[in-house]
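Step one of this worksheet: look at the structure below.
2 protein chains.
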Amino acid sequence: MVKIPKSHPRYWSLYYREKIIEGMEKGMTAKAGLIAHGRGEAFDYLIGETTIEPAEKALKAAVAKLLLAEYPVISVNGNVAALVPKETIELAKALNAKLEINLFYRTEDRVKTIAEELRKHDPNVELLGINPTKRIPNLESERGKVDENGIWKADVVVVPLEDGDRTEALVAMGKFIITIDLNPLSRSARMADITIVDNIVRAYPRMIELAKEMKKLPKEELEKIVKEYNNGQILNEVLLHINSRLEKLSKEGVWRKKELST
Amino acid sequence: MVKIPKSHPRYWSLYYREKIIEGMEKGMTAKAGLIAHGRGEAFDYLIGETTIEPAEKALKAAVAKLLLAEYPVISVNGNVAALVPKETIELAKALNAKLEINLFYRTEDRVKTIAEELRKHDPNVELLGINPTKRIPNLESERGKVDENGIWKADVVVVPLEDGDRTEALVAMGKFIITIDLNPLSRSARMADITIVDNIVRAYPRMIELAKEMKKLPKEELEKIVKEYNNGQILNEVLLHINSRLEKLSKEGVWRKKELST
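Residue numbers (this note's numbering), protein chains in the order written: chain Y, 1 to 262; chain E, 1001 to 1262.
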C-alpha cells in the first residue's frame, strides 16, 4: 500500500482509495468497483466528507426499521468487503441480521476471497450467498442469484453501494430496501425505501452505535421513527445541502484558492 | 470488452468506462486512474454530460493561447491514451504542438505501452517523454520527470486529467497551464490558467475543430480572446450551472423517479 502522510488534509479519502485498490489486488473488488468508488469520492467531496443532517435522519430510520424487521439481511459486495469488513460483521451482530455475499460481477473466486476476508475478522461468522439457489425476477443469470435463507427470505435488506437495476428489482419483489450511496441521484438512491447518502466508512460505525442505543427503545417509538421518515424529502435535503455549498464556494471564488471552505 | 446496447440512455459513459478498464488491462492506465475516472463520471453526470457554455468559452481561449504559443506541448497520460489516443495526435497536429508522455505513476513499461498505443494511430508520431532528463522543481523523483525538449522548454502546456500537485508545480515554473478536468473544485482546476470543465472525449474533438477554424484568425483577434478570458469567472459559472441543475431536480423531486430531467 502507498504510504500517505497522516497530515495530508484528505488522509482518510486517500487511505480508503488505497483500501479499494488493495481489494482489487486481493481479488475481491471488481474493476468497475474502482470506478464506482471514484464516483463516490466525488459526491463525498461535494457533501463535505462528513455525515450531514439528512443522512443522520436516514441512518436512524434505517436502524429503527432493521430492529423492527422479522428477517433482516445485510448484503456484502467487493467494495464493502474492501472498505468495512469488520464493521459489516459488527453491524450484523448488533442488529441480529444475516450476512449475504451478493455480487453484481459474481465469480466463485471472488465470493470465496470475500468470505475469507470476512472470516479473518471473525472465523465463526455465518455467511450466506455461498451457494445461492434462488433468483431475483427480471435480472439475468449471475446478477440475480440470491440465497434462499438470505435475501430471498428477508423482509428488510441493506444493499450498500448497490447497482440500480438490482435495487429496483428488489423493491419490485416487495422487500423493504435500505441503501447506502453517496450519489443522491443514482438509481439505487432514487429507488430505495431508505437512502443513506453517506460514506459507508462513516455510516456503518454510526449504525452500530445507533443499533446499540436504539435496541432499548420500545417498539412503538421505533415504529414512530419509521412512520415519520420521508425518503423523498431527505433526498431533496441532500441536493439542497450540496447546492448551498456550491453556491457559497462560487460566491467566495475558487480560482487560485489553496484551500476550500467547507 | 463488455457489450453495451447502443440504446442504453448512458451508452457513451459506459463505453468510455470500458475503454478505461481496457486501458488498465493493456497496462496503460494506473489503478488510481480508474478511480479518477469515476470521479470524472460523477461530475459529468452533474454537469449533464454535455459541453456547457463556460466550457466552450474556456475551449476557445485555450485554442487561441495554443495558436499564439511559441512552443506548445500537450501532455499524455494513461487515462488520456485509453480515452482519446487518436484525437490527441490530431490535436497536436492541428495546433503544431509537441506530444509528451508524462505519467504520475511512471514506469518504463507504462510509457512504452502508451507509446505503442499512440503509434497504432500514427506510426510516425513524434513522442517526447520517453527518456526525460529534467525535473519539475518541488516534485519527488518519478513524478517530476519531464523532457528537455518538451514540457521543460514549453511556454504553454496542456495537462489533461492531471494531478493537483503537478499542475501547481508547473504553474510555479511560470508555464501557462491549460487543464481539462471535470471537477471544477479539484486543485488542478483551481490552479490552472485555463480550466476546461468538460469530458476530454468531447473537449478534444471540439478543440480540433476550433484549431482548424481559428488558425485563420489574425493574431490580434486571438490575443483579444485570451485577454478577455477570466478563469475565476468561468469556474464560478460552472459551479452555478451545477447548482441550478440540482435546484431544479430538488424542486421536481427525485425519489422513485425513473428518469431525471436534464
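Every residue, glycine too, gets a C-beta built ideally from N, C-alpha and C.
All values derive from a computational prediction rather than experimental measurement.
When the alpha-carbon of Glu1022(E) is set against those of Lys1258(E), Leu1046(E), Glu1140(E), Glu1117(E), the nearest one is in Glu1117(E).
From the beta-carbon of Phe1043(E), the residues of chain Y found nearer than 7 Å are Ala42.
Among the residues facing chain Y, Ile1242(E) is included, as its CB has a counterpart in that chain under 9 Å away. Here Thr195(Y) carries a strand assignment [DSSP, helix/strand/coil].
Spanning the alpha carbons of Glu1025(E) and Ala30(Y) requires a straight line of approximately 13 Å. Listed along the chain, the chain E residues whose CB falls inside 9 Å of the CB of Met28(Y) amount to none; the nearest CB is some 14 Å away. For Pro85(Y), the uninterrupted alpha helix (DSSP H) run begins and ends at 85-95, by DSSP. Taking a cut-off of 8 Å on C-beta distances, the region 195-208 of chain Y does not touch the region 1193-1212 of chain E, as fewer than three cross pairs fall below it.
Listed by position along chain Y, the residues whose Cβ is nearer than 9 Å to that of Ala1172(E) form an empty set, because the closest Cβ is around 12 Å away. For Val1171(E), the three-state secondary structure derived from DSSP is helix.
Neighbourhood of Trp1255(E) in chain Y, by CB distance below 7 Å: Arg190, Asn231, Gly232, Leu235, in chain order. The C-beta distance from Ala64(Y) to Ile225(Y) rounds to 4 Å, short enough to fall under 8 Å. Inclusion of Leu1139(E) and Val1073(E) in the CB contact set at 9 Å is not warranted, their separation being larger than that value. In its chain, beyond the 5 residues on either side, Val73, Glu100, Val157 have a beta carbon closer than 6 Å to the beta carbon of Ile151(Y).
Taking 9 Å as the cut-off, the Cβ atoms of Ala211(Y) and Leu67(Y) count as close. Scanning the region 24-111 of chain Y for uninterrupted alpha helix (DSSP H) segments of 4 residues or longer gives 31-47, 53-68, 78-83, 85-95, listed from N- to C-terminal end.
Judged by their CB atoms, Pro1184(E) and Thr1195(E) are nearer to each other than the 9 Å cut-off.
In the three-state DSSP reduction, Val125(Y) falls in the coil class, being neither helix nor strand. Ile114(Y) sits in a helix when the DSSP states are folded into three classes. Shown here, Lys251(Y) sits in a helix according to DSSP, grouped into three states. In the DSSP assignment, Pro1160(E) is bridged to Ile1180(E). Annotated three-state conformation of Arg1256(E) is coil, per DSSP. Proximity to Asn1230(E) across Leu222(Y), Arg245(Y), Gly253(Y) peaks at Gly253(Y), based on C-alpha coordinates. Taking the Cα of Asp1165(E) as reference, the smallest distance to any Cα among Glu1148(E), Asp1109(E), Ser1188(E), Lys1153(E) is reached at Ser1188(E). Excluding its 5 nearest sequence neighbours in each direction, Leu103(Y) has C-beta neighbours in its own chain below 7 Å: Asn77, Gly78, Arg110, Val111, listed in chain order.
About 14 Å separates the beta carbons of Leu249(Y) and Leu1046(E), which is beyond the 8 Å limit, so they are not a contact pair. For Met1207(E), no chain Y residue has a Cβ inside 9 Å of its Cβ, as the nearest lies near 21 Å away.
By the C-beta density criterion, Arg1010(E) is exposed, having fewer than 16 other C-beta atoms within 10 angstroms. Taking 9 Å as the threshold, the shortest C-beta distance from Ile1020(E) to chain Y falls below it. Interface flag for Lys1175(E) against chain Y is unset, since no Cβ pair is found closer than 9 Å. Linking Asp163(Y) to Lys175(Y) through their CA atoms gives a straight-line distance of about 16 Å.
Collapsing the DSSP output to three states places Arg1135(E) in a strand.
Where Pro205(Y) is concerned, the enclosing alpha helix (DSSP H) starts and stops at 200-214. Taking a beta-carbon distance threshold of 9 Å, Leu161(Y) does not count as an interface residue toward chain E.
Around the Cβ of Ser1186(E), a 10 Å sphere holds 16 or more other Cβ atoms; the residue is buried.
One alpha carbon belongs to Val1125(E), the other to Lys6(Y), and they sit about 43 Å apart.
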